[in-house]
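Numbering (the working numbering), first residue to last: 19 to 108.
Notes follow once the structure below has been shown.
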């Protein structure tokens, strides 16, 4: 579970956190280049992560996961609305 920004909640295990964990595990010698690390979040979502390469300043990670669509939305624009395409505050 990830809580970020203005209190938004994400049920995934967190891609940035997974990459950071990969870097720490690799730096500690606990995860070799090419080895797989499964990061499971408290809601059951899993990211399959791997150190693709190591550099002099860090790692190059890859992260895979699944997404599930929960809803679709249809917008109807009223042609008589003067701001039907939106507006911008400056």
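The beta carbon of each residue, even a glycine, is placed where N, CA and C say it ideally should be.
- Burial of residue 44 is indicated by the presence of at least 16 other C-beta atoms within 10 angstroms of its C-beta.
- For residue 85, the secondary structure class from DSSP, reduced to helix, strand or coil, is coil.
- Taking a cut-off of 8 Å on C-beta distances, the stretch 76-85 does not touch the stretch 19-26, as fewer than three cross pairs fall below it.
- For the pair residue 56 and residue 48, the CB atoms are not nearer than the 7 Å cut-off.
- When the Cα atoms are used, residue 69 and residue 104 turn out to be separated by approximately 43 Å.
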